[in-house]
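Enquirer: Protein chains in written order, with this note's numbering: chain A, 1 to 264; chain B, 1001 to 1483.
#1: The alpha helix (DSSP H) that contains residue 1227 of chain B, what's its start and end?
#2: Give a yes or no on whether the C-beta atoms belonging to residue 1475 of chain B and residue 1090 of chain B are separated by under 8 Å.
#3: From the DSSP output, in three-state form, read off residue 234 of chain A for me.
#4: Could you tell me which residues DSSP puts in a beta bridge with residue 87 of chain A?
#5: Compute the Euclidean distance between the alpha carbons of residue 1313 of chain B and residue 1070 of chain B, then round it to the nearest angstrom.
#6: Which first and last residues belong to the beta strand (DSSP E) in which residue 214 of chain A is found?
#7: Counting C-beta neighbours from all protein chains within 10 Å, is the total for residue 1477 of chain B 16 or more, i.e. buried, or is it exposed?
#8: Is residue 1437 of chain B helix, strand or coil when you go by DSSP?
#9: Once you ignore the five residues that flank residue 1027 of chain B on each side, which residues in its own chain have a CB closer than 7 Å to its CB?
#10: Output, in chain order, the set of chain A residues within a Cβ distance shorter than 9 Å of residue 1186 of chain B.
#11: For the putative contact between residue 1006 of chain B and residue 1217 of chain B, defined by C-beta atoms under 8 Å, what is the C-beta separation to the nearest angstrom?
#12: Mark residue 1376 of chain B as exposed unless 16 or more other C-beta atoms lie within 10 angstroms of its C-beta, in which case mark it buried.
#13: At least one CB of chain B closer than 8 Å to the CB of residue 151 of chain A: is that the case?
#14: Is it buried or exposed, residue 1162 of chain B, if we count other Cβ atoms within 10 angstroms and call 16 or more buried?
#15: Bridge partners of residue 135 of chain A, per DSSP?
#16: Do we get a CB-CB distance below 8 Å when we pair residue 170 of chain A with the residues of chain B?
#17: Need the endpoints of the alpha helix (DSSP H) that residue 1387 of chain B sits in, please.
#18: Could you tell me the distance, in whole angstroms, from the CA atom of residue 84 of chain A to the CA atom of residue 38 of chain A?
#19: Would you report the Cα separation of residue 1011 of chain B and residue 113 of chain A, rounded to the nearest angstrom?
#20: Do you know offhand how far residue 213 of chain A's Cα is from residue 43 of chain A's?
#21: What is the rounded straight-line gap between the Cα of residue 1466 of chain B and the Cα of residue 1228 of chain B?
#22: At 8 Å on the CB atoms, spell out the chain A contacts of residue 1474 of chain B, in chain order.
#23: On the DSSP bridge assignment, give the partners of residue 1075 of chain B in chain order.
#24: For chain A, is any of its Cβ atoms less than 8 Å away from the one on residue 1156 of chain B?
#25: Mapping the DSSP letters down to three states, classify residue 1269 of chain B as helix, strand or coil.
#26: In the DSSP output, what is residue 1019 of chain B paired with across the bridge?
#27: By alpha-carbon positions, which one of B:1447, B:1261, B:1445 and B:1435 ends up nearest to residue 1062 of chain B?
#28: If we require 4 or more residues per run, which alpha helix (DSSP H) segments fall completely within the segment 1321-1393 of chain B?
#29: Please list the terminal residues of the continuous beta strand (DSSP E) segment that includes residue 1106 of chain B.
#30: Let me check understanding here. Comparing Cα to Cα, which of A:261, A:259, A:263 and A:188 lies closest to residue 60 of chain A?
#31: Just to confirm the assignment: which complete beta strand (DSSP E) runs, minimum length 3, are found wholly within the segment 1136-1166 of chain B?
#32: Considering only their Cβ atoms, is the gap separating residue 244 of chain A from residue 215 of chain A smaller than 8 Å?
#33: Identify the continuous beta strand (DSSP E) that holds residue 106 of chain A and give its terminal residues.
#34: Helix, strand or coil for residue 1453 of chain B, going by three-state DSSP, please let me know.
#35: Taking 8 Å as the CB-CB cut-off, is residue 1162 of chain B touching chain A?
#36: Using a beta-carbon distance cut-off of less than 8 Å, what residues from the segment 1008-1021 of chain B approach chain A?
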């Protein structure tokens, strides 16, 4: 229980049986872990000492307004930016010390997946998975990843320049699938997707979480967070102001809670 | 991983129309320049060979006449060109193509193509070397400016870095990709120009022009490879460090203008300011003054002539020149020439040294522009630099000295017992004497001489290479600094 005290003084998980078991799972071997993670941009505190642990199979949804520190958190786990203090761990490795190694375990899907527009979807996937060390995939393997990600059958051989946002997103998912990542870092991956595509995306996340993948997802979609996430965290001004299990709260409560936090 | 990145760069570059079209333009210009150059070279060579032969025939068949008269008749020395000259005409437009060799005077090579040209032509005719020295760097800059900066703007760099690609490998992959793309343009260029060269220059087994040809060709290829590699490393470093791809392109084009166009022109002007060459009038005046003390072989009443005669008579203990065991006028001609040799050595030797000093100043500017170093080395290896022109001039002059000495010696030995007037105009030599004067022959400098003369430029080019890759190595750490 104590591990959440510093970050959640408003609402703590109830000490019921279920909650205790879940907490035990989280402490076992967190694939994603932040310890007093701080990021200071010349006086502007983007992240004020974040502590977080995400166990295998957990889908952690970070909620919060723009500028609350969600993307900063994800960028710190990617080692794209350096923390002012504190540490970020992926699969037990400090991301700063093992920048290249930790990336082997993770896949990153941003709000808009950026691809080489002069290459086809298949070529993009082949390139990225090759760089991730998976040289062994045949074209059939790669096509099946794209198919699994929901890309239309005729799309893989077309140049990405003509893809819609949703199609790019699906190539991004296929890259993550092909990478066989243990950790997914998602930065508003479904914003701008139509409800059907968004739903398919959630299904995939659930499937991956059943396979033991840890997922950290920044999102604005409270509905998806409740439906898909196992936990939600609410961030405000660089602080995690709430951290709870989705099964403990209803849709309406979550929304009210979120708005309450945003209000003051 | 490096290979995979390089392949992807090549694929993307080829699919990007901009590079393909620029590459096609460079290819067409290069083979046009090589074709025109090779044709001009083979025409010039044919003309030269005909002229050499005709001039030799004229010399041999000038009929019976006084040897000194033959000295005034003179011969022409034609500057040969090595086969690489069609690729890089270098300074050929500013150095003469033939030198008139006659008694009494050291002439400078004349018929400089530049004298008929407009000032605009100082920027150079289209040649294979110009395509490689100016246009190919532009192609390299266009190829490399967006390699990192562009991916950063497109957001693909974040995707790439999230794959766990080591920064150094990414940069080497990009560099290798640039090399591959450049190869796609340049390898056909080299292939087509080799075919063109073989077509136009076949049968050029002339051992004089072919001195160390394979070695020169190999070094020139190496020089350009080093040049291109340095520029690619520089361009990639700029692409990594620039805030945007537009800023990278602007910086690189700026560098191209300053280092590729301004500094080479400026280096020539500064070298002239530092070491000025005298005007033709000043030169003629210096030579005139220097030769005033001579025995005036043609002027029997000149005080110098009388004094010289008196000195010779005293030396041999005779009263009259007719009693000398040789022809006095032959001796006087030779004494006059020998004073001339000294004067020419001082004046023209001084000018040649000035040219060499100017050359050194120009080479120094290579520190600020690799274009200068490459231009120097390329023209030196192609036999179209100032050194080559000087070598030719010196060879012409030593041929002339040998020629007048043979002629004067003949007068001295065979015109004995003749009066001043009859020895000068009455004695006739024939073809057997003309044959004693060998045909003009010039061996272009070998590879060791050329490398020895251009150590500074070689060093400078090496400096640009290590500097470029050093900068790239340091810049590689900053690939992800603006993610």
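Beta carbons are placed, not taken as given, at the ideal position from N, Cα and C, and that holds for glycine.
Expert: Per the coordinate set shown:
#1: Counted as a single uninterrupted DSSP element, the alpha helix (DSSP H) harbouring residue 1227 of chain B occupies residues 1213-1241.
#2: Result no, Cβ atoms of residue 1475 of chain B and residue 1090 of chain B do not sit closer than 8 Å.
#3: Residue 234 of chain A: strand per DSSP, three-state reduction.
#4: Looking at the DSSP output, residue 87 of chain A bridges to A:35.
#5: Distance between the alpha carbons of residue 1313 of chain B and residue 1070 of chain B is about 28 Å.
#6: From DSSP, the beta strand (DSSP E) with residue 214 of chain A extends over 214-218.
#7: Exposed is the label assigned to residue 1477 of chain B, since fewer than 16 other Cβ atoms lie within 10 Å of its Cβ.
#8: Coil, per DSSP.
#9: Same-chain partners within the cutoff: 1185, 1188 and 1189.
#10: Ordered by position in chain A, no residue passes the 9 Å Cβ test against residue 1186 of chain B, which lies about 22 Å from the chain.
#11: Between residue 1006 of chain B and residue 1217 of chain B a beta carbon distance of about 28 Å is seen, past the 8 Å cut, so the two are scored as non-contacting.
#12: Under the 10 Å beta carbon count, residue 1376 of chain B is surrounded by 16 or more other beta carbons and is classified as buried.
#13: False, the Cβ-Cβ gap to chain B never drops below 8 Å.
#14: Burial call: buried.
#15: In the DSSP output, where bridge partners are listed per residue, residue 135 of chain A has none listed.
#16: No, because no Cβ of chain B sits closer than 8 Å to the Cβ of residue 170 of chain A.
#17: Start and end: 1386-1414.
#18: Rounded to the nearest angstrom, the two C-alpha atoms are 5 Å apart.
#19: Cα to Cα, residue 1011 of chain B sits roughly 21 Å from residue 113 of chain A.
#20: In a straight line, the C-alpha of residue 213 of chain A is about 36 Å away from that of residue 43 of chain A.
#21: Roughly 13 Å separates the two Cα atoms.
#22: Simply none; closest approach about 18 Å.
#23: Residue 1075 of chain B pairs with B:1101.
#24: Answer yes: the Cβ-Cβ gap between residue 1156 of chain B and chain A drops below 8 Å somewhere.
#25: Of the three classes helix, strand and coil, the one that applies to residue 1269 of chain B here is helix, per DSSP.
#26: None, per the DSSP bridge assignment.
#27: Measuring from the Cα of residue 1062 of chain B, the nearest candidate turns out to be B:1435.
#28: List check, alpha helix (DSSP H) in window: 1328-1364 and 1370-1381.
#29: No beta strand (DSSP E) holds residue 1106 of chain B; DSSP gives it neither H nor E.
#30: The candidate whose alpha carbon is nearest that of residue 60 of chain A is A:188.
#31: Taken in chain order, no unbroken stretch of beta strand (DSSP E) lies wholly in the segment 1136-1166 of chain B with a span of 3 residues or more.
#32: Annotated as distal: residue 215 of chain A and residue 244 of chain A, with beta-carbon spacing of 8 Å or more.
#33: Boundaries of the beta strand (DSSP E) harbouring residue 106 of chain A: 106-109, taken from the DSSP string.
#34: If DSSP states are grouped into helix, strand and coil, residue 1453 of chain B belongs with the helices.
#35: Judged by the 8 Å Cβ criterion, residue 1162 of chain B is in contact with chain A.
#36: Flagged, chain order: 1008, 1011, 1012, 1015 and 1016.
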